[in-house]
Amino acid sequence: MESSSGDLMTVYAREVSYRVRPDLMNIIERLGAVGISKCFDCGACTVSCPFSEELGMAPFPRRVIKYVKLGLEDKLVATLEPWLCYYCGDCSDTCPKNAEPAETMMAVRRYLVTKYDFTGLSRLMYLTRLGWLLAIIILGGIAFLIGWLLKGPIVLERTELETFAPVDIVDTAGIAVFIILASILLVNIYRMFRFSVGSLRGIPLTKAFIELIKIVPLHFFTQLRLAKCTFKNYWYIHLMIFYGYGLSFILFVPLLRLTLSNKPFLFVDPLSIAGILSTILLIIGASLMIKGRLEKKTHVWRYSHHTDWMFITLLFLVTITGILTGVFRTLNYPLPTYISFALHIVLVTPFLVLEVPFAKWSHLAYRPFSIYFYRLNQLRGGV
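Residue numbers (my numbering): 5 to 387.
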């Protein structure tokens with residue numbers, strides 16, 4: 005606003021322009037937004053959402069849906085709101101037009117994963133069933149070939165799993181894969197930060213660090229926001245799978261030299277007990293998810309993307325082959341033990357390589373960091 009003579013005033017308006025992507029809604033529909041075309045912005049989803057008032061975002065989740073419908077890709081990629089949605093389904097249950105806003109938010113999360121991923125692999129796998137299937141076959145084939153070339157002697161007189169699968173080789177390979185996958189995921193999280201926060205300018209570094217410690221571990225280990233959803237079993241099942249696989253990871257990555265041996269499987273051994281507990285949690289959690297997706301009685305399992313089925317199927321098969329390896333090892337059946345272990349490696353390789361940085365498992369990192377990044381924007385006054 006500027007005045008030159010006291011009675012003459014000129015008002016300057018700042019023009020704001022956004023790049024529009026006309027096919028954005030079509031892409032989101034391909035990723036699972038089954039009813040977005042039915043939405044007429046009534047606001048019922050905002051009223052029913054347990055997080056809308058807490059986050060102080062009156063248009064949540066409507067704002068995200070409007071970004072999609074208007075083709076505002078830059079605004080969509082920059083927002084953290086899809087990750088603050090925990091897919092409880094309350095909004096879809098109350099939608100008068102059956103527009104399935106929860107599915108739209110899920111589809112947008114899949115889309116954001118493809119944007120954070122600098123390799124482009126997640127886009128290929130999310131948008132094409134064939135790409136996902138080929139990736140599983142190729143990675144499984146590579147794991148089998150490397151395992152066959154590096155395997156040790158096949159002892160059939162008794163079970164010698166460590167002789168068949170030398171622990172030095174398996175341990176080195178496991179650590180190498182872990183470092184590579186963790187590095188890719190960290191780069192993707194950094195890209196998420198750049199898209200949504202930009203930089204730490206204007207945010208006290210001490211405060212940013214304190215918020216990191218307060219927020220990320222809490223929401224990573226508890227997934228606490230799921231407790232606000234009406235369907236509490238969804239939270240319990242997530243925790244079973246999370247802690248089941250977390251326990252399994254500890255046993256077979258940092259503690260591999262203690263768990264992969266020629267010694268018989270002892271049920272009184274603490275590591276064996278931990279392995280049994282991990283197996284029970286995974287079997288129950290995976291079975292309940294499969295049952296829910298087949299029955300489709302609750303909203304959270306009413307719709308399934310092909311990546312949902314790939315995740316739960318691989319998880320179930322990885323768990324079963326791990327169980328069989330332990331059972332055959334306990335019964336001292338050498339050949340079945342080696343075959344089960346080989347199948348386990350062939351399945352666990354694509355499961356980890358694809359799911360951790362590119363698909364379902366990556367949500368475990370994106371969700372707590374989204375809450376943290378959202379808090380950073382609040383500290384800077386950007387929310």
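The C-beta atom is built at its ideal place from N, Cα and C for all residues, glycine as well.
* **Val112 versus Val257, Leu204, Thr83 and Pro354, residue with shortest Cα-Cα distance** => Taking the first residue of the sequence shown as 1, we reach residue 112 at position 108. Nearest C-alpha to Val112: Thr83.
* Asked: Would Glu166 pass as a contact of Asn30 if the rule is Cβ separation under 8 Å?
  -> Taking the first residue of the sequence shown as 1, we reach residue 166 at position 162. Taking the first residue of the sequence shown as 1, we reach residue 30 at position 26. It is not a contact, given that the beta carbons lie outside the stated cut-off.
* **Buried or exposed by the 16-neighbour rule on C-beta atoms within 10 Å, applied to Asn192** => Numbered from 1 along the sequence shown, position 188 holds the residue referred to as residue 192. Asn192 should be labelled buried.
* To do: Would you mind sorting Gly385 into buried or exposed? The rule is 16 or more other CB atoms within 10 Å of its CB.
  => Position 381 of the sequence shown, counting from 1, holds the residue named residue 385. Gly385 should be labelled exposed.
* Do Thr325 and His309 come within 8 Å of each other at the CB atom, strictly closer than that value? -> For the purposes of this step, residue 309 is taken as the residue at position 305 of the sequence shown. For the purposes of this step, residue 325 is taken as the residue at position 321 of the sequence shown. No, Cβ-Cβ distance for His309 and Thr325 is not below 8 Å.
* **Touching by the beta-carbon criterion (3+ pairs, under 8 Å), the stretch 277-297 and the stretch 316-331** => yes
* Between the C-alpha atoms of Leu76 and Gly330, what's the straight-line distance to the nearest angstrom? -> Here residue 76 refers to the residue found at position 72 when the sequence shown is read from its first residue. Here residue 330 refers to the residue found at position 326 when the sequence shown is read from its first residue. Roughly 52 Å separates the two Cα atoms.
* Please determine if the stretch 347-365 and the stretch 193-206 are in contact, where contact requires at least 3 C-beta pairs separated by less than 8 Å. => no
* To do: State the start and end residues of the unbroken alpha helix (DSSP H) segment that holds Lys218.
  => Along the sequence shown, read from residue 1 onward, the residue named residue 218 stands at position 214. Looking at the DSSP string, the run of the alpha helix (DSSP H) that includes Lys218 is Leu209 to Thr226.
* Pick from Phe246, Leu35 and Phe271 that is closest to Trp365, judged by C-alpha positions -> Looking up residue 365 in the sequence shown gives position 361. That would be Phe246, whose Cα lies nearest to the Cα of Trp365.
* **Segment limits, alpha helix (DSSP H) that includes Tyr342** => Here residue 342 refers to the residue found at position 338 of the sequence shown. Tyr342 -> alpha helix (DSSP H) spans Pro338 to Phe362.
* Asked: If you check the beta carbons only, do Gly81 and Lys42 fall under 8 Å apart?
  -> Along the sequence shown, read from residue 1 onward, the residue named residue 81 stands at position 77. Along the sequence shown, read from residue 1 onward, the residue named residue 42 stands at position 38. The amino acid at residue 81 is misidentified as Gly; the sequence shows Val. Result no, Cβ atoms of Val81 and Lys42 do not sit closer than 8 Å.
* CB-CB length for Ile40 against Ala103, believed under 8 Å -> Taking the first residue of the sequence shown as 1, we reach residue 40 at position 36. Taking the first residue of the sequence shown as 1, we reach residue 103 at position 99. About 6 Å separates the two Cβ atoms, so the contact holds.
* **Cβ pair Ala3, His303 closer than 8 Å** => Because the chain in this structure spans residues 5 to 387, residue 3 falls outside the shown range and cannot be described.
* Asked: Closest by CA to Arg162, which one among Leu351, Tyr337 and Val68?
  -> Here residue 162 refers to the residue found at position 158 when the sequence shown is read from its first residue. The candidate whose alpha carbon is nearest that of Arg162 is Tyr337.
* Asked: Pick from Pro372, Pro361, Gln382 and Ser374: whose alpha carbon is nearest that of Gly124?
  -> Taking the first residue of the sequence shown as position 1, residue 124 is located at position 120. Per the Cα distances, Pro361.
* **Cβ-Cβ distance between Leu286 and Gly248 below 8 Å** => Position 282 of the sequence shown holds residue 286. Position 244 of the sequence shown holds residue 248. For Leu286 and Gly248, yes; Cβs fall inside 8 Å.
* To do: For Arg389, collect the residues of the same chain with a Cβ closer than 6 Å to its Cβ; drop the 5 residues on either side in sequence, then sort them by chain order.
  => Here the chain has residues from 5 to 387 only, and residue 389 is not among them.
* To do: Starting from Pro86, follow the alpha helix (DSSP H) in both directions and report where the run begins and ends.
  => Your numbering for residue 86 matches position 82 in the sequence shown. Pro86 -> alpha helix (DSSP H) spans Glu85 to Leu88.
* Rounded straight-line distance, which links the Cα of Leu153 to that of Cys89 -> Residue numbering aside, residue 89 sits at position 85 when the sequence shown is read from its first letter. Residue numbering aside, residue 153 sits at position 149 when the sequence shown is read from its first letter. Roughly 46 Å separates the two Cα atoms.
* Flag this pair as touching only if the stretch 228-244 and the stretch 48-59 have three or more C-beta atom pairs under 8 Å; answer yes or no. => yes
* Asked: Do you know whose CA, among Val159, Ala177, Gly250 and Leu190, lies nearest Ile146's CA?
  -> As a first step, residue 146 is located in the sequence shown; it is residue number 142 there, counting from the start. Among Val159, Ala177, Gly250 and Leu190, the Cα nearest to that of Ile146 is on Ala177.
* Let me know if Val24 comes out buried or exposed under the rule of 16 or more other beta-carbons within 10 Å of its beta-carbon. => If you number the sequence shown from 1, residue 24 lands on position 20. Exposed: under 16 other Cβ atoms inside 10 Å.
* Asked: Leu321 and Leu351 look like a contact to me (Cβ under 8 Å); what is the Cβ gap, rounded to whole Å?
  -> Sequence index remark: in the sequence shown, residue 321 carries index 317 (1-based). Sequence index remark: in the sequence shown, residue 351 carries index 347 (1-based). Indeed, because the Cβ distance is near 5 Å, the residues count as touching under 8 Å.
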